[in-house]
Amino acid sequence: GPSEVPEELRAKAESPVIEEFRDSANRRDYDLLLCESMVVKERVVYWVENINTGQRKFVDEQEKIRLVGGSTDKTPFAASDNQETEYEWKLVTSYTDIVTGKEIKITQPVVPATELLTMRQSKAAAFGFCKAICSSPTDLKIRYNVDEALTMLTSNWSERVTSWLTSMPVRIFLLALLLLGAYVEFHTPGVGLAGLVSLICLAIFVGAPYMTGLANVWEIVIVFIGFGLIALEVFVIPGFGVAGISGMLCVVVGLLATFIPEEPGRTLPIYWPQFEPGLQGLKIGVTTLGSALGASIVGMILISRMLPHISWLHGAMPLNPTAEEVGLVDPYNGYAREGDVGLVESPLRPAGKVRFGNMLVDVVTQGMFVEPGTEVEVCERQGNRVVVRPINT
C-alpha cells in the first residue's frame, strides 16, 4: 500500500512544488500562506479581521498570537495575561456564501496542522482564489463583457461512440460475444465467421479504452501475449500446463488493466491501484469480466444443446457426425470379416497371407503354424488385424 515519503526526501520533493506555488501566488496576487498550505501539511493558517477597518487577512500561528492573543502555553496564568490586553484584530467567525448569500460559519484555524487546504466554490471565493461564479453562459458573457455568441465545446460523434463502446453493458456484451465466437470456432472445422467476430470484438474491447486514454500500449500487448500462449498450449504443446495458465493470467490482467486509469508515481506497468478512481475501475473490470464469463457459459450451453437441433440454424453449426461417418475405411473392401473362410497362400508362421475371393489379406493365427492350401476361418477382426484358425481344428 502507499507509504509516507521519508523525512529526508520530503523537503527535496516539496521544494520545487512550493516554489511553483509561491511564484503563482506572487504573479496572480493570491495569499502566499494559503498557497503554501495546499502543499505543506504542517502549515497552520488563521483568518483574522481588523475590528476598526474590517480588513481580513490570513496569518500563521505566531502572527495570530500577536494580533489576536492567545498562547501556545495553556496555563491559567497565560490565559489571564492575554485577557488584560485589548487587540485591534479578531478571529473571523463566518463568511458570506457567494452562491446562496447565506452566512457560513467557520472554525479556526481555517487550515489545521493535520490537513492540506481544500476548497469548494464558495470557500474559494471567500479566500480570494475565485473572482466570480458563473452559473450560465449568460452570466459568463456579463462577467467578461462579451457581446458575441459563445461557442460551446461539445463532444463530437467519434467521442460519443468511443464513450458508448467503453460503457459497462457494451463491454460485457463484447467480451461475452468474443468468448462465444471462440467456442464456436474451436468446435467447427476450418476458419469461419465465428473467429472473425471474436477478433473484431477483441479489437473493439481493447481499442476503445486505448482511444480514450484509459488503456496503454502495454496492456494491449499483454493481452495478445496471453492469447499467443494459449494458442501455443492448444496447438503445439501437448496437455495443459505452464503456457496455458500463464496465457490466461496475462489475458485477465491485461483486460482488467484496460479499466484502470493512469495513476501518478507508478514505476511498473503492472500495479495495484491506490486511489479511488483506480479502485473503482478495478471493481468495474471484475464485474464486467465476471458477468461476461457467466453470460458466455450460458450461451455455450445453449449452443451445444439446443441450437444444433433448430432446422434454420443447421448451417451455423453442423450436427455431430454418426458412427458410420467417422468409421475407418475398410482396407479389404468387405472381405475378411469375422466368419469368412479363405485359402492360405503362404505359410502362416504365425503370420502370412490368406486369399478371400480375389483379395489377398495379411493375417495372423492364434499361435499355430498353418501350411499353404489349408482353409481357414476368420475368428477375430480388429481394424486391420485379422486373426484366423484352420477349419479342421
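Take the sequence shown: its position 136, counting from 1, is numbered 576 in this note's numbering, and each next residue is one higher.
For every residue, glycine included, the Cβ atom is placed at its ideal position computed from N, Cα and C.
All figures in this text were calculated on a predicted structure; none of them were measured in a lab.
Our contact map puts residue i next to residue j with C-beta atoms below 8 Å; I'd like the distance itself, whole angstroms only.
{"i": "W487", "j": "V550", "result": "5 Å"}
{"i": "V804", "j": "Y775", "result": "At roughly 16 Å, the Cβ-Cβ gap does not stay under 8 Å, so V804 and Y775 are not in contact."}
{"i": "L672", "j": "A683", "result": "5 Å"}
Alpha carbon to alpha carbon, what distance is there between residue j and residue i?
{"i": "F626", "j": "A616", "result": "16 Å"}
{"i": "M608", "j": "G721", "result": "11 Å"}
{"i": "G782", "j": "P771", "result": "17 Å"}
{"i": "F667", "j": "M688", "result": "8 Å"}
{"i": "D500", "j": "I538", "result": "26 Å"}
{"i": "L557", "j": "F461", "result": "13 Å"}
{"i": "S464", "j": "G541", "result": "29 Å"}
{"i": "R838", "j": "N832", "result": "In the structure as shown, the chain starts at 441 and stops at 833, and residue 838 therefore has no counterpart that could be examined."}
{"i": "V646", "j": "S744", "result": "28 Å"}
{"i": "A519", "j": "F498", "result": "Because the pLDDT at A519 is just 40, under 50, the model does not fix this residue reliably, and the value given afterwards should be weighed accordingly. Roughly 23 Å between the two C-alpha positions."}
{"i": "C574", "j": "L580", "result": "5 Å"}
{"i": "V637", "j": "G621", "result": "6 Å"}
{"i": "V674", "j": "W658", "result": "24 Å"}
{"i": "V810", "j": "R789", "result": "7 Å"}
{"i": "S686", "j": "L669", "result": "7 Å"}
{"i": "G510", "j": "L729", "result": "60 Å"}
{"i": "R836", "j": "K571", "result": "With the chain covering only 441 through 833, there is no way to say anything about residue 836."}
{"i": "E716", "j": "V532", "result": "35 Å"}
{"i": "Q834", "j": "V769", "result": "With the chain represented from 441 up to 833, any question about residue 834 goes unanswered, as that position is not in the structure."}
{"i": "N490", "j": "Y527", "result": "9 Å"}
{"i": "G792", "j": "V784", "result": "8 Å"}
{"i": "I561", "j": "F567", "result": "According to the sequence as given, residue 561 is Gln; it is not Ile. Approximately 10 Å between the Cα atoms of the pair."}
{"i": "I458", "j": "M478", "result": "9 Å"}
{"i": "N798", "j": "Q822", "result": "21 Å"}
{"i": "V794", "j": "S786", "result": "7 Å"}
{"i": "I544", "j": "W529", "result": "20 Å"}
{"i": "R468", "j": "W597", "result": "38 Å"}
{"i": "L733", "j": "Y711", "result": "24 Å"}
{"i": "S595", "j": "D587", "result": "25 Å"}
{"i": "S455", "j": "N466", "result": "17 Å"}
{"i": "G494", "j": "I582", "result": "29 Å"}
{"i": "M383", "j": "G635", "result": "In the structure displayed, the chain extends from 441 to 833; residue 383 sits before or after that span and is not available."}
{"i": "L642", "j": "T547", "result": "55 Å"}
{"i": "V693", "j": "V480", "result": "37 Å"}
{"i": "N585", "j": "T602", "result": "37 Å"}
{"i": "P830", "j": "T628", "result": "48 Å"}
{"i": "M746", "j": "V610", "result": "26 Å"}
{"i": "K563", "j": "K723", "result": "33 Å"}
For residue i, does the count of other Cβ atoms within 10 angstroms reach 16, so buried, or fall short, so exposed?
{"i": "P649", "result": "buried"}
{"i": "V624", "result": "buried"}
{"i": "V738", "result": "exposed"}
{"i": "L633", "result": "exposed"}
{"i": "K504", "result": "buried"}
{"i": "L507", "result": "buried"}
{"i": "V484", "result": "buried"}
{"i": "T591", "result": "exposed"}
{"i": "E778", "result": "exposed"}
{"i": "E599", "result": "exposed"}
{"i": "D513", "result": "Because the pLDDT at D513 is just 43, under 50, the model does not fix this residue reliably, and the value given afterwards should be weighed accordingly. Exposed, because fewer than 16 other Cβ atoms sit within 10 Å of the Cβ of D513."}
{"i": "T578", "result": "exposed"}
{"i": "T698", "result": "buried"}
{"i": "C819", "result": "exposed"}
{"i": "F796", "result": "buried"}
{"i": "V676", "result": "exposed"}
{"i": "L742", "result": "exposed"}
{"i": "I612", "result": "buried"}
{"i": "L473", "result": "buried"}
{"i": "A565", "result": "buried"}
{"i": "L593", "result": "exposed"}
{"i": "E555", "result": "exposed"}
Report yes if the CB atom of residue i is closer than 7 Å to the CB atom of residue j, and no otherwise.
{"i": "V816", "j": "V827", "result": "no"}
{"i": "E703", "j": "G725", "result": "no"}
{"i": "L619", "j": "S731", "result": "no"}
{"i": "T727", "j": "T652", "result": "no"}
{"i": "V663", "j": "V691", "result": "yes"}
{"i": "L654", "j": "P701", "result": "yes"}
{"i": "A553", "j": "E482", "result": "yes"}
{"i": "L614", "j": "I640", "result": "no"}
Who are residue i's beta bridge partners in DSSP?
{"i": "F796", "result": "M799"}
{"i": "V488", "result": "K497 and L531"}
{"i": "Q822", "result": "R825"}
{"i": "K440", "result": "Residue 440 cannot be examined here, being either before or after the span of the chain that is shown, 441 to 833."}
{"i": "K545", "result": "S534"}
{"i": "A616", "result": "Partner(s): none; A616 has no beta bridge."}
{"i": "P830", "result": "V816"}
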